[in-house]
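Quick note, the sequences are listed as chains H and R, same order. Heads up, the final residue of the first sequence is numbered 468 in this note's numbering, and it's a clean run with no missing numbers. Heads up, the final residue of the second sequence is numbered 713 in this note's numbering, and it's a clean run with no missing numbers. Note that the Cβ used here is the ideal one computed from N, Cα and C, for glycine as well. Quick caveat: nothing in here was measured; it's all calculated off a predicted structure.
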Amino acid sequence: MKRLVLILMMLATPMFAVQPDEVLDDPVLEQRARDLSTGLRCLVCRNESIDESNADLARDLRLLLRERLVAGDTDEQAIAFIVDRYGEYVLLKPTTSGSNVFLWLAGPIMLLIAAGVGLNFLRNRARAHASVETKGLSAAEKERLRQILED
Amino acid sequence: MITELGHFALILAFFVAIVQSVVPLIGAAKNWTGWMAFAEPAAIVQFLLTAFSFGALMWAFIASDFSLRIVVENSHSAKPMLYKISGTWGNHEGSMLLWVLIVTLFGAMAAFFGGGLPPSLKARVLSVQSAIGVAFFAFILFTSNPFDRLAIAPFDGRDLNPLLQDPGLAFHPPFLYLGYVGLSMAFSFAIAALIEGRIDAAWGRWVRPWTLAAWVFLTIGIALGSWWAYYELGWGGFWFWDPVENASFMPWLLAAALLHSAIVVEKREALKSWTILLAIIAFGFSLIGTFIVRSGLLTSVHAFANDPERGVFILFILVIFIGGALTLFAARAQAMEAKGVFGMVSRESALIVNNVLLAVSCFVVFVGTMWPMVAEMMFDRKLSVGAPFFNAAFSPFMVVLGLVLPIGAMLPWKRGRIGKTVWSLRYAFGLALAVSLLVWAMQTGRSALGPVGLFLGAWIAFGAVVDIWSRTGRNGSLKRLFRLPGADWGKAVAHTGLGVTIFAIAGLTAWEAEDIRVAQPNQPFDVGQFTLTLQDVRQVEGPNYFSTTADVLIAKNGQPIGTLHPEKRDYPVARMPTTEAAIDYRFLGDLYVVIGDQQADGGWVMRTYIKPLANWIWAGCILMALGGVLSLCDRRFRVAAGARKTPVGGVPAE
């Protein structure tokens, strides 16, 4: 039984994200690799970048990325190389091309609309005659007020 | 037998809920006192029945009754008691039962504390709340019955996901649900007010404590979840912009907006229709959150049970409640005329800016969360929207919010002058700038993120201090400070908390340091100002796991300051390894050590992180929650309960 458990443990030993043997000797290049890999998605994981993930595939991608950087690719070239092979699904930060314009502009446009509506409302409030505030009470409210005053 | 009783109690509660969602509503429409009064005992009975049912399920988990399907799937006899109990809600069926338990709990509390509410409003609120209960009782009974028995009971269970076997996570779902479902109370009040056709300052005062409570619970729930992620996932991340996290964050943002706009309703009788709309949408986002988690529509870290059929059911609930509410809103909104008059520069307008920023930032999170699905369905593009998008698209809103917050918080009601308010904040501004310049001078050649974020955080926190100080009056009498209403203290404390959290997130993101290496036993190495020595690695047996535990000696300036024990655990039943990071919690920054695999040369992979200001993130959250609690304790909420005791229409003479 104990041996079985040990074998199971060996099989299930967690792999970690970036391993010491992956780290490049050139610290500048390594830093670039780290920065780029936080923006790439591990394809078999749920919402994890390859920098955080411990999946084998993420390790392969990390090694591939470093290979490209060592080969002299710029950041853009290295990313393009990976996107060509794995599709835009690997990009955690979606591009601004095509329909993604909606995604990126949704916030600013909504802000403009909301600010417009808010400003319009404020203008109305500022202009509204103070008479609104002192329009007087309804009959029922007057009755209630009279009750309170008498109490 | 207890299981069957639990199941039966749940069915009874379902029927009580159906009756309660109809009878008081008719009573309120016809002005029949008896029918209206039915709501109160019904709400309490409904809660007691559901509580009994939940207790029965919990008993099955405690006693390890493996004839129940969900106990087999989520428990194990060797599991520690705490996790047997928390296993009750660590699965789909149980968590839905917890959800509906909280719906009935809030209903019962409204019945219990709602003495000051006009009877018709109270009847309608309890009716709507009960209708929400009906939907979820039906969901549980028809699609996800927790009391499902197995024909042949196995000897032992399959254990709970080991990642969930953690004290932080044991209490994360209950708090989160208290928050989600707390918003149902604001929703019920909104619908009741729409049916009633009357929204005034008193309504704002009644709805605010519920929203405030929901927001406090959400804050605690989210903070617990993020703290758990920080120490459990093995690399110290605290926020991932995961769909499920977003699902809890969106209601939080909207609840924050709602409790600010309710202030305007309460004090100035303006923004009424917006506040109603916000209450509807906030609960809508709670439902959307449940839908996202339960349907598995968006894959995420903790979709522990998902099933298209259940997703469709929740989608129906969402469409019926939110669709119905919005229709009602459209029909009745014109009736709510704003009363208060105020200038362009005033507290009211500042609160509108707050609402615009919170609502739009919530919208950004929503679009980002749903975009992968929309893009796939409509544009046939399979893409991801991850943390880098949210950091870029969401953060600017928080920066603007942070900049205007201290000014807006101090503007007078009705009409103010920006210059005067800004001048009174000059010391806060100077101090924040000094903090920011100091760290800018100390760091060498790094990004501007740290100093800017620290400025923002300090500006909000110091601004809150100036705000509360200004309440001492001209001669600064401290005595007056103690006599301030709870709401004023709550405001200052919660704003300070937000400042502290922003401060910490900026510091952590900007100055985190990391070291990855193969550590040889007894060979010291330096990380930052610390010296670490891997002394020993042992095999240890836990109650339901095996652990590889390392002893790491930590020294600072040559002086040993302690030993850390990072672990790698393996849960044989669940067949899952976990990492247990060892963290030396320090005031200015944590030392975070993780042990990895043994290498061929006998060394061990070790990762060491220095996490500046990490604790402050959660300290800020605690302050925010505390601010909410202080505000809840405000005497005015209790006194206000008596306002409008006799409804204006008059009670029929008995």
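What residues in the region 569-582 of chain R have a beta carbon less than 8 Å from any beta carbon of chain H? For the region 569-582 of chain R, the set of residues with a beta-carbon nearer than 8 Å to any beta-carbon of chain H comprises I575, R576, V577, in chain order.
Under 8 Å, do R/E715 and R/P205 count as touching if we go by C-beta distance? Within the shown structure, residues of chain R are numbered from 60 to 713, placing residue 715 of chain R beyond reach of any answer.
Report the CB separation of R/L385 from H/L408 in whole angstroms; it is logged as a contact under 8 Å. Their Cβ separation, rounded to whole angstroms, is 35 Å, which puts R/L385 and H/L408 out of contact at 8 Å.
With a threshold of 6 Å on Cβ separation, who are the neighbours of R/A546 within its own chain once the five nearest residues in sequence on each side are excluded? The answer, listed in chain order, is S690, D693.
Exposed or buried, which one is R/G617 when buried takes at least 16 other CB atoms within 10 Å? With fewer than 16 other beta carbons inside 10 angstroms of its own, R/G617 counts as exposed.
Indicate whether the contact test is met: 3 or more Cβ pairs, each with one atom in the region 505-517 of chain R and one in the region 563-576 of chain R, closer than 8 Å. Short answer: they touch.
Relative to the alpha-carbon of R/I279, which residue among R/Y236, R/A261, R/A260, R/T592 has its alpha-carbon at the smallest distance? Taking only the C-alpha atoms, the option nearest R/I279 is R/Y236.
Between R/F605 and the rest of its own chain, which residues show a CB-CB distance below 8 Å, the 5 nearest in sequence each way excluded? These residues qualify, in order along the chain: Q598, V599, R628, D629, P631.
How about R/A96 and R/A167: are their beta carbons less than 8 Å apart? Contact: no.
Measuring CB to CB, does R/V664 end up less than 8 Å from H/P337? Against a cut-off of 8 Å, the Cβ pair of H/P337 and R/V664 comes out as a contact.
Would you please state the rounded distance, in angstroms, between the beta carbons of H/A443 and R/M429? I believe it to be under 8 Å. Incorrect: roughly 37 Å between the Cβ atoms, too far for contact.
Reference R/S408; option with closest CA among R/L156, R/T638, R/L330: If we check each option's Cα against that of R/S408, R/L330 comes out closest.
Three-state secondary structure (DSSP) of R/S359: Confidence at R/S359 is low in this model, with a pLDDT of 44, below 50, so the placement of that residue is unreliable and no value is reported for it.
Is DSSP giving R/P636 helix, strand or coil here? Of the three classes helix, strand and coil, the one that applies to R/P636 here is strand, per DSSP.
Output the boundary residues of the beta strand (DSSP E) element that contains R/L647. First-last for R/L647: undefined, no H or E at that position.
On the DSSP letters alone, give me the boundaries of the beta strand (DSSP E) that R/R406 sits inside. No beta strand (DSSP E) contains R/R406, which is instead part of the alpha helix (DSSP H) from 406-438.
Between which two residues does the alpha helix (DSSP H) containing R/K143 stretch? Where R/K143 is concerned, the enclosing alpha helix (DSSP H) stretches over 140-145.
Cutting at 6 Å between CB atoms, please list the residues of its own chain near R/I129, excluding the five before and the five after it. The answer, listed in chain order, is N150, E152, P205.
Beta-carbon within less than 8 Å of R/N80's beta-carbon, same chain only, minus the 5 sequence neighbours each way: which residues are those? According to the sequence shown, residue 80 of chain R is Ser rather than Asn. Correct list, in chain order: S186, V187, S189, A190, G192, V193.
DSSP beta-bridge partners of R/A572: Residue pairing from DSSP places R/A572 in a beta bridge opposite R/I669.
By the criterion of Cβ-Cβ separation under 9 Å, what are the contact partners of H/K410 in chain R? Result: S443, V444, G445, A446, P447, F448, N450, A451.
Alpha carbon to alpha carbon, what distance is there between R/W94 and R/L71? Answer to the nearest angstrom: the Cα atoms are 20 Å apart.
Using only the alpha-carbon positions, how far apart do H/D366 and R/F113 sit? Contrary to the premise, residue 366 of chain H reads as Ser rather than Asp in this sequence. C-alpha separation (whole angstroms): 39 Å.
H/G435 and R/V415 closer than 8 Å at C-beta: In this structure, the beta-carbon distance from H/G435 to R/V415 falls below 8 Å.
The beta strand (DSSP E) that contains R/V596, what's its start and end? Taken as a continuous stretch (DSSP letters only), the beta strand (DSSP E) holding R/V596 covers 589-600.
Proximity test, Cβ basis, 8 Å: H/R402 and chain R: Not an interface residue.
Separation of H/L378 from H/E393, as counted between CA atoms: Between the alpha carbons of H/E393 and H/L378 lies a gap of roughly 16 Å.
Residue from R/T202, R/L127, R/V324, R/W274 whose Cα sits closest to the Cα of R/I258: Here the closest residue by C-alpha is R/V324.
Give a yes or no on whether 8 Å exceeds the smallest Cβ distance from H/S370 to chain R. No, H/S370 does not count as interfacial toward chain R.
Quick one: what does DSSP say R/K615 is sitting in, helix, strand or coil? DSSP places R/K615 in the strand class (E or B) of the three-state scheme.
So, at 7 Å on beta carbons, what are the nonlocal neighbours of H/A397 in its own chain, with the 5 sequence-adjacent residues on each side left out? Around H/A397, the same chain offers no residue with a beta carbon nearer than 7 Å, after the five sequence neighbours per side are excluded.
Starting from R/F248, follow its DSSP beta bridges and name the residues at the other end. DSSP lists no partner for R/F248.
In the DSSP assignment, find the unbroken beta strand (DSSP E) run with R/V378 in it and report its ends. Unbroken run through R/V378: none, as it is neither H nor E.
CA-to-CA distance, R/K550 to R/I613, given in whole angstroms: In this structure, the CA atom of R/I613 is about 41 Å from the CA atom of R/K550.
Proximal chain R residues relative to H/P337, where beta-carbon distance stays under 7 Å: Contact note: H/P337 reaches chain R through I575, R576, V577, V664, using a C-beta cutoff of 7 Å and chain order.
One or two residues paired with R/R628 in a DSSP bridge: Looking at the DSSP assignment, R/R628 forms a beta bridge with R/S606, R/T637.
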